[in-house]
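Have a look at the structure below, then the notes.
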Amino acid sequence: MQLAIQRCVFIGSQPDISQLNTEYAALVRYLFSGAQDALAQVAHEEWKLAAIITRSAVNPDTTSFDVGYTLLEKHALPMELLSNIFPWFIKGDKKTPQ
């Protein structure tokens, strides 16, 4: 996703995403506009979830909340990732190297 954003070129006030592949272009479109139809073009769930979390931190809206919540639940991640309620952290197993 970061690569997709880095490859964008702004012409005037619009990003030129014509050279990106379909999924990268869809991610960038979603990040800049919040367009729900763009998320539907992203096959990788991890990319989709990363884009939703990234956008919700900067521009919180409820348009992708259901999709994000479903993906968080599927991957057993905390709901707080979609909120602007801080501080939060993810608890994980602490394993001691042997």
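With full-length UniProt numbering applied, the sequence shown corresponds to residues 1 to 98, in that order.
Heads up, the beta-carbon is just placed ideally off N, CA and C, and yes, glycines get one too.
Source: prediction; values computed, not measured.
TODO: Can you have a look at Asp64 and say buried or exposed, based on whether 16 or more other CB atoms are within 10 angstroms of its CB?
DONE: As written in the sequence, residue 64 is Ser, which differs from the Asp given in the question. If you draw a 10 Å sphere on the C-beta of Ser64, you find 16 or more other C-beta atoms in it, and that means buried.
Open item on the list: Can you tell me whether Ala51 is buried or exposed? The criterion is at least 16 other CB atoms within 10 Å of its CB, across all chains shown.
Closed with: When all chains shown are included, Ala51 counts as buried.
TODO: Report yes if the C-beta of His44 is less than 6 Å from at least one heavy atom of the ligand SAM; otherwise report no.
DONE: As presented, the structure is devoid of all ligands, the ligand SAM included, so that no description of it is given.
Open item on the list: I'd like the ranges of any alpha helix (DSSP H) spanning at least 4 consecutive residues and lying wholly in the stretch 21–48.
Closed with: The DSSP assignment places 22–33 and 36–40 as complete runs of the alpha helix (DSSP H) inside the stretch 21–48, in order along the chain (cut-off: 4 residues).
Task: C-alpha gap between Leu71 and Ala40, whole angstroms - done: Roughly 13 Å separates the two Cα atoms.
Task: Beta-carbon proximity check, Ser56 vs Leu27, cutoff 7 Å - done: Result no, Cβ atoms of Ser56 and Leu27 do not sit closer than 7 Å.
- [ ] Just tell me which of Glu23, Met79 and Arg29 has its CA closest to the CA of His44.
- [x] The shortest Cα separation from His44 among Glu23, Met79 and Arg29 belongs to Glu23.
- [ ] Please classify Asp66: does DSSP put it in a helix, a strand, or coil?
- [x] Helix, per DSSP.
TODO: Using only alpha-carbon positions, find the residue among Leu49, Glu73 and Val58 that is nearest to Phe32.
DONE: That would be Val58, whose Cα lies nearest to the Cα of Phe32.
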